[in-house]
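In what follows, a single structure is set out as structure tokens and then discussed.
In my numbering, the protein residues as written are 2 to 177.
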């Protein structure tokens, strides 16, 4: 599994945000369409009906966010040690992304958990949004782009997330 921009790629599966577990909300980009996963948002939006796909509420990585994450972690550890009772060690749930789908059947908003603890770089965010837009340009573009992302995921499996420069290069290549 690896994070590349706003995408979580696990084997041949491509997700926007984090790969969901159980009933957690998630969004998978499949050859047949955008798949809404999780409690309260299950469904399929076929690519031929999708004419717009974007993400709002993207946490962008900043120095303030990085310092805040370290501070929150330190305070959480102190509180967990001080409380050491029921509920100790349970952190806050990760932030949610909102994915907006514009389709012939109307507009829909779906949710997925953020995969990057301290946010995404501005460059990766911009490239990811361009890639999502590209996926709605037509069947051939969507099929080749998703196939390239899935193939990369299968060959990279178990390698963890690549470094920032490589992630940006991958996104640029997929955007075309």
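Glycine is no exception: its CB is placed at the ideal position from the N, C-alpha and C atoms.
query	result
Just confirm the distance between the C-beta atoms of residue 18 and residue 176, as a whole number of angstroms; I'd bet it's less than 8 Å.	That pair is no contact at about 19 Å.
With a cut-off of 8 Å on the beta carbons, I'd call residue 59 and residue 16 a contact; round off their distance for me.	In fact, because the Cβ distance is near 15 Å, the residues do not count as touching under 8 Å.
Starting from residue 150, follow the beta strand (DSSP E) in both directions and report where the run begins and ends.	Careful: residue 150 lies outside any beta strand (DSSP E), inside the alpha helix (DSSP H) at 140 to 157.
Nearest-angstrom Cα distance between residue 164 and residue 46?	32 Å
Provide the residue span of the beta strand (DSSP E) that contains residue 103, from first to last.	97 to 104
Hey, could you find the ends of the alpha helix (DSSP H) residue 174 is sitting in?	165 to 176
Where does residue 7 fall in DSSP's three states?	coil
Could you check what DSSP says for residue 131 in three-state terms: helix, strand or coil?	helix
Within this structure, are the beta carbons of residue 160 and residue 3 separated by less than 8 Å?	yes
Taking the straight line between their C-alpha atoms, what separation do you get for residue 66 and residue 119?	Confidence at residue 66 is low in this model, with a pLDDT of 41, below 50, so its placement is unreliable and the value that follows should be read with caution. Each residue's alpha carbon lies about 6 Å from the other.
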